[in-house]
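Accompanying notes for the structure given below.
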Amino acid sequence: MMDMRGKAAIVGIGEVPTGHYPERTFADAALTVAEMAIKDANINKSEIDTVIPIGVVSNSINNGNIVCSQMIEALGLGSHAKSNFQVMSGGSSSASSLKVASALVATGLSKAVLVVHCDQMGTQLDLETAISTFSKVSVSPEYETPYGWSQLGLGGMMQQRYMHDTGATERQIAAVVESLRKWAALNPNAMMRTPRTVDEILESPMISTPVRKRMMNVLADGAAAYIVTSPERARDLTDQPAYILGMGSKCTNFTTTQQPSDLVSAWRPAAEEAYAMAGITPKDIDVAQIYDAFPVFILISLEILGICKPGTAGKFVEDGNIAPGGKLPCSTNGAMMAQGHTGAGGGIAILVEAARQVMGKAGDRQVPNIKYAVETATGGVGMDMHVGVLGTEV
Amino acid sequence: MSNYKKPLPLITPTSKVFYDGCRSGKLLYQQCLDCGQVIFFPQSICPGCLSHNIEWKQSKGKGRLFTFTITHAAAPSEFSEDTPYVLAIVEMDEGYKMMTNIIETDFDEIKCDMEVEVVFDKVTEEITLPKFRKPK
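If you're matching them up, the sequences are chains P and F in order.
According to our numbering, the stretch in the first sequence is residues 1 to 394, in order.
According to our numbering, the stretch in the second sequence is residues 1001 to 1136, in order.
This is the structure we're talking about:
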């Protein structure tokens, strides 16, 4: 296999605030983040020959338009562009698009690739329809639909088993949310910026045991973009690109029922592949941007990443290690639980935050002296695990 | 007309065999005659070796509770009148997992890894759903 280490870099990012913005149109938000990424990269737009729009969940017409080169026309790329095509793997679309964009650049098929995500999960879907619709996706219509599965039920079942296997406590689960809220308080693009203590989180109503209301994410509108180009071009454009050093993936299942019983063992190869490519070990990680959906996902992922031994992530988080000022800052945008859940964009926001931290552009929440950042993504009902390593040097 | 309002399983040529079994009190699963893999959800092609040489077998209906959640709120709208209800995944003694509901069991008694047994719940004339309970 071609060595992909350092063969591509993220040179520009753009993001608008996540939340409920009924006045913000789909086309405007998508165009705005693309323009922000182009300006951030200081790149001439004629260098962008490939646009990858991520799948839109809230509206199939908006998705159809962005698939059919809406961004090429809006950004005036028509005289130089080669391709516009969609990448979509739900929540893991960040990792999937990063892989595709990096490979295109590394092989010379593309000079620069613009990846754009925009969705309006907060204002274009009513909550009841959203819950009912999502209860039928990534679910077996023959053998699962009759039992009342939901995304929240999934979170409940995963947390229940994790607590049973490891002895993790409800307070430790709540401590994940407490940390994410602390980070979100420092993130102007986050939706849930009010800090919450463990006690306040545990006082919130029980929704689907053992998941409480303040352990749930909130559907939101959001948009983000990033630009990938070659390391040579990256060095001309910016003093500090985010070099793509490692990528690893594992895809295991479609439905909840068929998810591996031991996720840490089943998904660890994704981390091992990424670390081997990057030439690092878990000890080298300075900041981890971990995909969440539910708090237990962060605990399981800390163990998959080898940052914590199996069964010990709850205590690690309870001791304040992933919060601002902690030993290993994690999910510094607040992740979906505090920034908001924008469909396939939750992962994009996490990837963009990883690049932002490596590029030194994270403002009040900047983690000092970063050499290596890892980021993760998962799609569907927990169908896959992707690990990426970004760094300040090749 | 049935007044059952919740989603019924999609009936295909394969799932019809499974639900006909449930209606007559038999919990069925499959095994590949070529590679021996236990198969559930039922398939027309073995996911182990892609063989079409698959046989139906009858489960003893016993297993353990892998995980569960008691849904109190934010259920899919078709289930909102049923809350609180127990959504669960059980691991059958024959070596496969199923999604189900735990019924006829006090919520306080429900724990991961507890033993469970099948109960057949006839929800319409045509469809009987396999559910599980703590053995009496």
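Where is the CB? At the ideal position from N, CA and C, for every residue including glycine.
These numbers come from a predicted model, not from an experiment.
Run through chain F and tell me which residues come within less than 9 Å of A152 of chain P, C-beta to C-beta.
Here residue 152 of chain P refers to the residue found at position 152 of the first sequence. Reading off the sequence, residue 152 of chain P comes out as Leu, not Ala. Annotation: Cβ neighbours of L152 of chain P in chain F (cutoff 9 Å, chain order): T1069, T1071, A1073, A1074 and A1075.
Determine, using beta carbons only, whether H164 of chain P comes closer than 8 Å to chain F.
Here residue 164 of chain P is taken as the residue at index 164 of the first sequence, counted from 1. So, interface residue.
So the beta strand (DSSP E) S58 of chain P belongs to, where does it begin and stop?
Stepping through the first sequence from its first residue, residue 58 of chain P is reached at position 58. No beta strand (DSSP E) contains S58 of chain P, which DSSP labels as neither H nor E.
Taking just the CA atoms, how far does F1107 of chain F sit from R181 of chain P?
The sequence position of residue 181 of chain P within the first sequence is 181, counting from 1. The sequence position of residue 1107 of chain F within the second sequence is 107, counting from 1. Roughly 32 Å separates the two Cα atoms.
Beta-carbon separation of I280 of chain P and Y162 of chain P under 8 Å?
In the first sequence, the residue the question calls residue 280 of chain P occupies position 280. In the first sequence, the residue the question calls residue 162 of chain P occupies position 162. Their beta carbons are not under 8 Å apart, which means I280 of chain P does not touch Y162 of chain P by this criterion.
Residue interval of the alpha helix (DSSP H) (run including K315 of chain P)
For the purposes of this step, residue 315 of chain P is taken as residue 315 along the first sequence, with counting starting at 1. A313 to E318 is the extent of the alpha helix (DSSP H) around K315 of chain P.
The alpha helix (DSSP H) that contains D199 of chain P, what's its start and end?
Along the first sequence, one-based indexing puts residue 199 of chain P at 199. Looking at the DSSP string, the run of the alpha helix (DSSP H) that includes D199 of chain P is V198 to E203.
In the segment 244-290 of chain P, which residue ranges form an unbroken beta strand (DSSP E) of at least 3 residues, counting only runs that do not cross its ends?
Counting only runs of 3 or more, we get 287-289.
Boundaries of the beta strand (DSSP E) in which D40 of chain P is found, first to last residue:
As a working mapping, residue 40 of chain P is identified with position 40 in the first sequence. That residue, D40 of chain P, is in no beta strand (DSSP E); its alpha helix (DSSP H) goes F26 to A41.
How about L1028 of chain F: is its C-beta nearer than 8 Å to some C-beta of chain P?
For the purposes of this step, residue 1028 of chain F is taken as the residue at position 28 of the second sequence. It does not: the Cβ of L1028 of chain F has no partner Cβ on chain P nearer than 8 Å.
So, is F85 of chain P buried or exposed, given that buried needs 16 or more other C-beta atoms within 10 angstroms?
Position 85 of the first sequence holds residue 85 of chain P. Exposed, since its Cβ has fewer than 16 Cβ neighbours within 10 Å.
Contact criterion: CB-CB distance below 8 Å. Does F1132 of chain F meet it with respect to chain P?
Taking the second sequence and counting its residues from 1, the one referred to as residue 1132 of chain F is at position 132. With respect to chain P, the C-beta atom of F1132 of chain F has no partner C-beta closer than 8 Å.
Can you find a CB in chain F that lies within less than 8 Å of the CB of W149 of chain P?
Counted from its first residue, the first sequence places residue 149 of chain P at position 149. Judged by the 8 Å Cβ criterion, W149 of chain P is in contact with chain F.
Report the residue ranges of all beta strand (DSSP E) runs contained in full by the segment 1018-1060 of chain F; include only those spanning at least 3 residues, in chain order.
If we require 3 residues or more, the beta strand (DSSP E) runs fully inside the segment 1018-1060 of chain F come out as 1028-1032 and 1054-1058.
Which one or two residues does DSSP pair with V1116 of chain F in a beta bridge?
Mapped onto the second sequence, residue 1116 of chain F falls at position 116. F:G1063.
DSSP bridge partner residues for S83 of chain P (one or two, in chain order):
As a working mapping, residue 83 of chain P is identified with position 83 in the first sequence. Under DSSP, S83 of chain P shares a beta bridge with P:T50.
If we cut at 8 Å on Cβ distances, does M1099 of chain F have a partner in chain P?
Taking the second sequence and counting its residues from 1, one reaches residue 1099 of chain F at position 99. Chain P, which has a Cβ nearer than 8 Å to the Cβ of M1099 of chain F, makes this yes.
Which residues in the same chain as L305 of chain P place their Cβ atom closer than 8 Å to its Cβ, once the five residues preceding and following it in sequence are excluded?
The count along the first sequence starts at 1 and reaches residue 305 of chain P at position 305. Answer for L305 of chain P: A271, P282, I285, A288, I290, V374, T376 and V387, listed in chain order.
Sub-8 Å separation of P141 of chain P and L1027 of chain F beta-carbons:
Translated into the one-based positions of the first sequence, residue 141 of chain P becomes position 141. Translated into the one-based positions of the second sequence, residue 1027 of chain F becomes position 27. In this structure, L1027 of chain F does not lie closer than 8 Å to P141 of chain P by Cβ.
State whether the segment 1030-1043 of chain F contacts the segment 183-190 of chain P, with contact taken as three or more CB pairs (one from each stretch) at a distance under 8 Å.
No, the segment 1030-1043 of chain F does not touch the segment 183-190 of chain P.
Which two residues bound the contiguous beta strand (DSSP E) that contains H117 of chain P?
Start at 1 with the first residue of the first sequence, and residue 117 of chain P comes out as number 117. Per DSSP, H117 of chain P is one residue of the beta strand (DSSP E) stretching across A112 to Q120.
Partners in chain P for F1120 of chain F, counting only beta-carbon separations shorter than 8 Å
The residue you call residue 1120 of chain F lines up with position 120 of the second sequence. The premise fails here: F1120 of chain F is roughly 13 Å from chain P at the closest Cβ pair, so nothing lies under 8 Å.
Three or more C-beta pairs closer than 8 Å, one from the segment 335-347 of chain P and one from the segment 104-113 of chain P: is that the case here?
With fewer than three CB-CB distances shorter than 8 Å, the segment 335-347 of chain P does not count as touching the segment 104-113 of chain P.
Mark H1052 of chain F as exposed unless 16 or more other C-beta atoms lie within 10 angstroms of its C-beta, in which case mark it buried.
Counting from one through the second sequence, the residue named residue 1052 of chain F turns up at place 52. Exposed, since its Cβ has fewer than 16 Cβ neighbours within 10 Å.
Touching by the beta-carbon criterion (3+ pairs, under 8 Å), the segment 306-324 of chain P and the segment 33-51 of chain P:
Too few Cβ pairs lie closer than 8 Å, so no.
Between C973 of chain F and chain P, is there a C-beta pair that is closer than 8 Å?
The structure shown does not extend to residue 973 of chain F, since chain F spans only 1001 to 1136, so no value can be given for it.
Keeping to the same chain, check which residues put their C-beta closer than 6 Å to that of L263 of chain P; ignore five residues upstream and five downstream.
Counting from 1 along the first sequence, the entry for residue 263 of chain P is found at position 263. Closer than 6 Å at Cβ, skipping near neighbours: I300.
Please give me, in chain order, every unbroken run of the beta strand (DSSP E) with length at least 3 that falls completely inside the segment 172-222 of chain P.
The segment 172-222 of chain P contains these whole beta strand (DSSP E) runs: 206-208.
Taking DSSP as the reference, what is the three-state secondary structure of H341 of chain P?
As a first step, residue 341 of chain P is located in the first sequence; it is residue number 341 there, counting from the start. H341 of chain P: strand per DSSP, three-state reduction.
List, in order along the chain, the chain P residues whose C-beta lies closer than 8 Å to that of P1009 of chain F?
Start at 1 with the first residue of the second sequence, and residue 1009 of chain F comes out as number 9. Neighbourhood of P1009 of chain F in chain P, by CB distance below 8 Å: P141, E142, Y143, T145 and P146, in chain order.
Distance between D1093 of chain F and E35 of chain P (C-alpha atoms, nearest Å):
Translated into the one-based positions of the first sequence, residue 35 of chain P becomes position 35. Translated into the one-based positions of the second sequence, residue 1093 of chain F becomes position 93. The alpha-carbon atoms of E35 of chain P and D1093 of chain F are separated by roughly 57 Å.
With distances taken from CA atoms, which of F:M1098, F:P1047, F:Q1058 and F:A1075 is nearest Y143 of chain P?
Here the question's residue 143 of chain P lines up with position 143 in the first sequence. The shortest Cα separation from Y143 of chain P among F:M1098, F:P1047, F:Q1058 and F:A1075 belongs to F:M1098.
State the start and end residues of the unbroken beta strand (DSSP E) segment that holds A1073 of chain F.
Position 73 of the second sequence holds residue 1073 of chain F. Following the DSSP letters along the chain, one finds A1073 of chain F in no beta strand (DSSP E), marked with neither H nor E.
Just to make sure I have the definition right: I need the residues of chain P whose C-beta is within less than 8 Å of the C-beta of I1089 of chain F. Which are they?
As a working note, residue 1089 of chain F is residue 89 in the second sequence. Within chain P, M157, T256 and T257 have C-beta atoms less than 8 Å from the C-beta of I1089 of chain F, given in sequence order.
Can you have a look at A293 of chain P and say buried or exposed, based on whether 16 or more other CB atoms are within 10 angstroms of its CB?
To locate residue 293 of chain P, count along the first sequence from 1; it is residue 293. Under this definition A293 of chain P is a buried residue.
Evaluate the contact criterion for the segment 144-152 of chain P versus the segment 1055-1064 of chain F: three or more CB pairs, one atom per stretch, below 8 Å.
Contact fails: fewer than three Cβ-Cβ distances are below 8 Å.
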